[in-house]
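The sequence shown lines up with residues 0 to 104 when you count with numbering that gives the first Met the number 0.
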Amino acid sequence: MTANELEMIDIMMKNKGFEHFSSFARNKLLENELEMTAEKWFTFWHSQKLEQISRDVYEILILSRAEHQVTQEHVSILLTCVQELIQEIGNSIPLSQDFRKKYMR
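Here it is, written out as structure tokens:
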């Protein structure tokens, strides 16, 4: 390590309240692992939510085929599914105000 790198590590340790490098390194490793676990869980939850919306829309398709008609209730359920999908996407990708005004009511 260079003197500059050692100084940077020393400053980071002091800022975090660590006196010994090993406890600082251990904390950093565990902190990164917890962040990765949380990120994986969020990604999994996101995909499950989108799959549920897809199942709901498919269920409406089956009901409408069986009854040979689409009711106001079917359209309402579809609209709710689409709004939830847009909201999920909006959590990951910022949506424009125009889009929100037009489609998110």
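Where is the CB? At the ideal position from N, CA and C, for every residue including glycine.
Bounding residues of the alpha helix (DSSP H) (the contiguous stretch that carries GLY89): The sequence position of residue 89 within the sequence shown is 90, counting from 1. Start and end: 71-91.
field: Own chain, CB closer than 7 Å to THR70, minus 5 neighbours either side, in chain order
entry: Sequence index remark: in the sequence shown, residue 70 carries index 71 (1-based). Once the five neighbours on either side are set aside, THR70 has no close Cβ partner at all.
query: Using a Cβ-Cβ cut-off of 6 Å (strictly less than) and excluding sequence neighbours within five positions of PHE17, which residues of its own chain qualify?
result: As a first step, residue 17 must be located in the sequence shown, where it is residue number 18. These residues qualify, in order along the chain: PHE23.
7 Å Cβ cutoff met for HIS73 and ILE59: What you label residue 73 is simply residue 74 of the sequence shown in a count that begins at 1. What you label residue 59 is simply residue 60 of the sequence shown in a count that begins at 1. It is a contact, given that the beta carbons lie within the stated cut-off.
query: What is the DSSP secondary structure of MET0, reduced to helix, strand or coil?
result: For the purposes of this step, residue 0 is taken as the residue at position 1 of the sequence shown. MET0: coil per DSSP, three-state reduction.
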